[in-house]
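Worksheet: the structure to be examined is printed underneath.
Numbering (the numbering used here), first residue to last: 3 to 206.
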């Protein structure tokens with residue numbers, strides 16, 4: 003079972019419409035551009051394929067929800083990384099190793115931990131990245147709201163990431179939807195830009 007202190011995460015609300023970003027703003031091969039960071043389609047496909055493989059599904063299975071969930075996480079991760087860099091907050095490999103050991107012990111075994119993560123659409127190869135994300139979120143929350151209660155720290159964390167999102171205005175390839183900075187969430191594909199989602203495939 004995932005430990006309780008790992009649950010300071012960025013919420014994904016779905017209440018508002020996203021801002022439409024023109025395809026011409028994206029460089030070819032990018033699923034999204036987050037400030038000076040690129041989320042390539044190759045990266046997105048590789049992440050999706052890892053989950054499908056772990057689920058025992060065909061690597062080319064069409065799973066729009068998985069694609070959207072994965073891209074949403076990659077964008078928020080980039081935003082959080084940028085907030086962390088602004089605050090000079092970092093997560094070391096030692097931090098990750100200690101948390102992984104704690105979670106493995108709590109789950110009862112490595113296999114049980116991997117199963118728990120896979121239910122959250124996280125492949126075994128992605129667990130370290132998700133742990134790093136959660137630890138970075140905790141450290142950023144402590145930096146922006148030192149000594150605050152969990153709810154207040156989480157609110158301050160979200161506010162910091164929302165502010166960064168509004169500042170860099172992430173650009174999303176329209177075939178994947180649009181980005182809502184206020185809610186840190188991908189919205190649906192516009193009806194006039196309903197390009198089919200690409201078939202997830204292993205990275206070249």
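Glycine is no exception: its CB is placed at the ideal position from the N, C-alpha and C atoms.
Helix, strand or coil: how does DSSP classify residue i here?
i           : result
residue 94  : coil
residue 25  : Its pLDDT being 29, under 50, residue 25 is placed unreliably by the model, and nothing is read from it.
residue 189 : strand
residue 113 : helix
residue 50  : helix
residue 153 : helix
residue 173 : strand
residue 145 : helix
residue 39  : strand
Do you know offhand how far residue i's Cα is from residue j's?
i           : j           : result
residue 63  : residue 55  : 10 Å
residue 163 : residue 157 : 10 Å
residue 123 : residue 188 : 17 Å
residue 198 : residue 154 : Caution applies to residue 198, whose pLDDT of 37 falls short of 50 and renders its modelled position unreliable; the value that the coordinates give is listed next. Spanning the two alpha carbons is a distance of roughly 40 Å.
residue 166 : residue 125 : 28 Å
residue 180 : residue 190 : 7 Å
residue 159 : residue 143 : 5 Å
Is the beta carbon of residue i sitting closer than 8 Å to the one on residue j?
i           : j           : result
residue 34  : residue 170 : no
residue 118 : residue 109 : yes
residue 68  : residue 91  : no
residue 120 : residue 106 : no
residue 172 : residue 77  : yes
Check: Counting pairs of Cβ atoms below 8 Å between the segment 94-110 and the segment 33-45, do you hit three or more?
Finding: Short answer: they don't touch.
Check: Does the segment 77-88 touch the segment 135-148, meaning 3 or more C-beta pairs lie closer than 8 Å?
Finding: Yes, since at least three Cβ pairs between the segment 135-148 and the segment 77-88 fall closer than 8 Å, the two stretches touch.
Next item on the list: Could you pull out every unbroken alpha helix (DSSP H) segment of at least 4 residues lying fully inside the segment 60-94, listed in chain order?
Entry: 66-88
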